[in-house]
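Residues in the sequence shown are numbered from 109 upward in steps of one, following our numbering. Where is the CB? At the ideal position from N, CA and C, for every residue including glycine.
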Amino acid sequence: MAFSMGLSRARRMFPAEMSFFRVQVREGTITISMREEPTTQAIPPVTRRGLARRPSTMSRSNDKQRIIEHYDLVSPFYRSLWGEHLHHGYWIRGDESKEKAQLQLIEHLAELANVKPGSDILDIGCGFGATSLYLAKQFNAAVTGITISPVQVEMATGAAAGQNLDVRFLSMDAEAMSLHKKFDVLWSVESISHYQNREQFFASAANLLKPGGSFAITDWFKKENLTGAETQKYIDPIENGMFVELQIMDDYERLFTSNGLQITHREVLNAYCAKTWEVSLEIIKDKSLWTLAAKHGSHFISFLKAFQAMRAGFASGNFVYGLFVAKASS
109 MAFSMGLSRA RRMFPAEMSF FRVQVREGTI TISMREEPTT QAIPPVTRRG
159 LARRPSTMSR SNDKQRIIEH YDLVSPFYRS LWGEHLHHGY WIRGDESKEK
209 AQLQLIEHLA ELANVKPGSD ILDIGCGFGA TSLYLAKQFN AAVTGITISP
259 VQVEMATGAA AGQNLDVRFL SMDAEAMSLH KKFDVLWSVE SISHYQNREQ
309 FFASAANLLK PGGSFAITDW FKKENLTGAE TQKYIDPIEN GMFVELQIMD
359 DYERLFTSNG LQITHREVLN AYCAKTWEVS LEIIKDKSLW TLAAKHGSHF
409 ISFLKAFQAM RAGFASGNFV YGLFVAKASS
């Protein structure tokens with residue numbers, strides 16, 4: 109990841125961290141990366157313990173557990189920096205606040221999905237619960253939110269306290285959903301790209317829809333027909349840092365249709381959502397974020413590097429932010 113900052117300022121802001129990060133400055137931009145052989149004596153004791161706890165490499169075999177650990181770790185901190193909605197913004201004019209843009213994304217998807225008053229909604233990958241609460245309030249809806257992170261369930265439940273809304277939050281793996289009811293709307297924003305078995309997920313989700321119900325998603329995709337070099341430059345850093353595996357939009361279209369769902373809307377939102385990563389890059393200038401990263405090792409550094417990769421992916425068109433709405437037969 110890279111951002112504009114003087115080297116002396118960086119050293120003042122991150123004195124301990126600088127002892128085991130490599131810093132390079134070129135044309136006014138500072139690039140920070142892990143040293144290949146950090147000297148543990150230079151790392152504060154709490155940081156050494158953190159590095160020992162967190163392996164520096166990932167494997168597909170334990171990705172799911174790492175996703176849980178990752179979101180359990182970063183969720184309280186990330187909410188304090190990013191806000192209650194853990195998703196992209198949708199800029200219509202271009203000068204909206206981040207918070208307004210995030211609500212506009214919800215409103216755009218809800219309109220396309222034809223969410224109606226009194227709907228029964230399943231929010232899959234509900235994060236901090238803010239979207240569930242918004243839908244419950246705006247549509248007088250009954251909303252069930254599920255997330256694989258117990259910490260997020262606790263945060264979402266706390267956010268709902270005292271609001272007198274028909275919401276509940278459950279710790280549940282979306283690839284093994286066990287719900288004994290059907291819903292008018294399935295809602296999934298920026299979640300499915302984390303799943304290892306999407307065929308199983310889409311089949312299970314289709315069975316949870318009432319006749320005529322809507323399945324509304326936004327998610328992260330890659331452009332079709334990327335070269336190996338483009339994949340390595342633009343996609344690999346996103347996948348490694350964000351714990352996702354990106355597919356092309358046609359893959360999701362096949363999964364919708366093979367499970368009996370009719371696609372009513374398919375849209376690329378890059379032009380409206382790219383500003384998210386201009387805003388996000390400001391986040392990684394925060395000193396406390398670097399302190400947290402130092403405590404928890406190189407996988408957290410990969411997460412921060414992915415912020416820059418996301419912006420580059422948007423700018424090059426190799427990363428795609430896509431939307432689908434599909435309907436069950438009546």
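Are residue i and residue j close, meaning C-beta to C-beta below 9 Å?
i: residue 309; j: residue 282; result: yes
i: residue 389; j: residue 362; result: no
i: residue 255; j: residue 233; result: yes
i: residue 294; j: residue 229; result: yes
i: residue 196; j: residue 377; result: yes
i: residue 317; j: residue 369; result: yes
i: residue 278; j: residue 261; result: yes
i: residue 240; j: residue 269; result: no
i: residue 327; j: residue 429; result: yes
i: residue 217; j: residue 372; result: no
i: residue 383; j: residue 202; result: yes
With DSSP collapsed to three states, give me the class of residue i.
i: residue 394; result: coil
i: residue 286; result: coil
i: residue 236; result: coil
i: residue 261; result: helix
i: residue 167; result: Its pLDDT being 44, under 50, residue 167 is placed unreliably by the model, and the measurement read from it follows with that caveat. Correct three-state label for residue 167: coil.
i: residue 384; result: helix
i: residue 373; result: strand
i: residue 421; result: helix
i: residue 184; result: helix
i: residue 356; result: coil
i: residue 437; result: coil
i: residue 318; result: strand
Excluding sequence positions up to five away, which residues of its chain have a Cβ less than 8 Å from the Cβ of residue i?
i: residue 222; result: 322
Counting C-beta neighbours from all protein chains within 10 Å, is the total for residue i 16 or more, i.e. buried, or is it exposed?
i: residue 248; result: exposed
i: residue 144; result: Confidence is the limiting factor: at residue 144 the pLDDT is only 40, short of 50, which leaves the residue's position unreliable and the question unanswerable from this model.
i: residue 425; result: exposed
i: residue 200; result: exposed
i: residue 345; result: buried
i: residue 367; result: buried
i: residue 235; result: buried
i: residue 423; result: exposed
Residues in its own chain within less than 6 Å of residue i by CB, not counting five upstream and five downstream?
i: residue 325; result: 296 and 432
i: residue 209; result: 197, 198 and 199
i: residue 250; result: 228 and 274
i: residue 285; result: 312
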